[in-house]
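Right, one structure below, let's go through it.
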Amino acid sequence: MVIVRHLFISPGHNFFGHHGQPPGENPVLEVPEIECVANRGIRGDRFFDYKENYKGQITFFSWEVFVELCRQLGIEGAQPSALRRNVITEGLDLSGLIGREFEIQGVRFAGVEECRPCYWMNHALKTGAEEWLKGKGGLRARILTSGWLRRDATPGL
Numbered sequence: 000m001v002i003v004r005h006l007f008i009s010p011g012h013n014f015f016g017h018h019g020q021p022p023g024e025n026p027v028l029e030v031p032e033i034e035c036v037a038n039r040g041i042r043g044d045r046f047f048d049y050k051e052n053y054k055g056q057i058t059f060f061s062w063e064v065f066v067e068l069c070r071q072l073g074i075e076g077a078q079p080s081a082l083r084r085n086v087i088t089e090g091l092d093l094s095g096l097i098g099r100e101f102e103i104q105g106v107r108f109a110g111v112e113e114c115r116p117c118y119w120m121n122h123a124l125k126t127g128a129e130e131w132l133k134g135k136g137g138l139r140a141r142i143l144t145s146g147w148l149r150r151d152a153t154p155g156l
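This is how it looks when you write it as structure tokens:
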């Protein structure tokens, strides 16, 4: 069973396009639901209508990987919002979805590629996070059908 643990949007870029500059200060907002718009992205997010056929209209990250990252690197009190991915899932093998279509809560997606970690992960979480996350950085996807994703009401979030 796939659980949607967290949903995030941000109105602007903090790291993307900030090479050699300090990060931006745009908030990452945790929301109870997001509107996925086919071929455009998430309404209200920084990549909405970014460019035609964009590979990262929506991004996913594994809750299990986040927990293991924090355990392995001794990170306490980190929030999954630091990853700047849109959807944090549990019970879904994201790497197995590259090159495949899949559905969550009635919305269809096309898994495109790993959302590769960058050096900003060391800034956002802890030195060593970028290296540890290689091959586990999440999934970039295109939105194939419009619809809503909602955070599951799961105890212990």
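Heads up: the sequence shown begins at 0 in numbering that gives the first Met the number 0, then just goes up one per residue. From the three backbone atoms N, C-alpha and C, an ideal C-beta is built for every residue, glycine too. Source: prediction; values computed, not measured.
Residue i, enclosing beta strand (DSSP E) - first and last residue
i: V106; result: 106-113
i: R149; result: 146-149
i: E75; result: Element bounds for E75: n/a, residue is neither H nor E.
i: C35; result: 32-36
i: E102; result: 100-103
Three-state secondary structure (DSSP) of residue i
i: S9; result: coil
i: E67; result: helix
i: G136; result: coil
i: L156; result: Any answer about L156 is weak, because its pLDDT of 37 lies below 50 and its placement is not dependable; what the coordinates show is given next. The answer is coil: DSSP assigns L156 none of H, G, I, E or B.
i: E130; result: helix
i: G95; result: helix
i: L28; result: strand
i: N52; result: coil
Environment of residue i [buried if 16+ CB atoms lie within 10 Å]
i: L138; result: buried
i: E129; result: buried
i: G73; result: exposed
Sheet register partners of residue i (DSSP bridge)
i: F46; result: According to DSSP, F46 bridges with nothing at all.
i: S61; result: T88
Nearest-angstrom Cβ-Cβ length linking residue i and residue j, presumed shorter than 8 Å
i: A140; j: V111; result: 6 Å
Range covered by the alpha helix (DSSP H) that runs through residue i
i: A123; result: 119-123
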